[in-house]
């Protein structure tokens, strides 16, 4: 997770798709999907996201089991170990989640401005 | 926080108003404001929200210090100890936050339906 900047004012929706007692998709999981897409590897994506490999693998496993088909697939390993890539469903869901986030932010804007006007100016 | 129901599918934006390194307003703080409004007391509101009095007081203090004026005011204590009530700003911000949340949920609905169709049906 990124360090919060001092004096920064933000208002972000952290959207969680909750299925039963699992979070099928949330901000951390979508960040991880995007990192896997960039790096083609769960371990490199984990490193970039500041997660242990085990934690990243658990998040991927939860996503894969929550949806009708897998979001991330591992490629066969060569000498350097296998890679990983998003399936078409994984790509679609990451994009849909971001679109949903951005529409929510747009819808929030007027009320957020109202709240912002009441915040104490930062020192 | 409420217990998650098994087999429940939800998609909720948890909106955080972040000012510097503080969360000025978020889901837990707004629940607390509403409980104070209902009970007229921080300790009763804390009990209902499953928070310690100290924790509730800290949340109120953070809110009061984050905005230009207080959101919660304590009333003078009588024999039974003092009560607490929302100021007009507290009432306005709690309502604005809920309106913002509800607009975000409406904006999310079509994408949420797309995501929902890909979720595995719960056992």
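Chains as they are written, first to last, in the numbering used here: chain C, 1 to 123; chain V, 124 to 246. Ideal placement from N, C-alpha and C gives every residue a C-beta, glycine not left out.
Practice task
Would you decide whether residue 29/C is buried or exposed? Buried here means 16 or more other CB atoms lie within 10 Å of its CB.
Solution key: Per the 10 Å Cβ criterion, buried.
Handout entry: residue 118/C: first and last residue of the uninterrupted beta strand (DSSP E) it sits in
Key = For residue 118/C, there is no enclosing beta strand (DSSP E); the enclosing alpha helix (DSSP H) has its first and last residue at 88-118.
Practice task
Give me the Cα-Cα distance between residue 9/C and residue 232/V, rounded to the nearest whole angstrom.
Solution key: The alpha-carbon atoms of residue 9/C and residue 232/V are separated by roughly 27 Å.
Exercise for the section: Pick out whichever of 154/V, 190/V, 219/V, 236/V has its Cα sitting closest to the Cα of residue 145/V. Expected result: For the residues 154/V, 190/V, 219/V, 236/V, the minimum Cα distance to residue 145/V belongs to 190/V.
Practice task
Flag residue 18/C as yes if its beta-carbon sits less than 7 Å from any beta-carbon of chain V, otherwise no.
Solution key: Residue 18/C counts as touching chain V.
Practice task
Taking only the alpha-carbon atoms, compute the straight-line gap between residue 71/C and residue 25/C and give it to the nearest angstrom.
Solution key: The alpha-carbon of residue 71/C is positioned some 11 Å away from that of residue 25/C.
Problem - Contact residues within the stretch 35-69 of chain C, judged by C-beta distance below 9 Å to chain V - result: Residues of the stretch 35-69 of chain C with a C-beta less than 9 Å from any C-beta of chain V: 65, 66, 67, 68, 69, listed in chain order.
Problem - Anticipated Cβ contact below 8 Å, residue 53/C with residue 42/C, distance rounded - result: 7 Å between Cβ atoms; contact.
Handout entry: Contacts that residue 152/V makes with chain C (C-beta to C-beta distance below 9 Å)
Key = Result: empty, since nearest Cβ-Cβ is about 12 Å, beyond 9 Å.
Handout entry: Straight-line gap, residue 102/C to residue 91/C (C-alpha atoms, nearest Å)
Key = Near 17 Å, if we compare the C-alpha coordinates of residue 91/C and residue 102/C.
Exercise for the section: Name the residue from 234/V, 242/V, 241/V, 219/V whose alpha carbon lies nearest to the alpha carbon of residue 117/C. Expected result: Just measuring C-alpha positions, the residue of 234/V, 242/V, 241/V, 219/V sitting nearest residue 117/C is 219/V.
Exercise for the section: Check the Cβ-Cβ distances between residue 137/V and every residue of chain C, and say whether any is below 7 Å. Expected result: Closer than 7 Å to some Cβ of chain C, the Cβ of residue 137/V qualifies, so yes.
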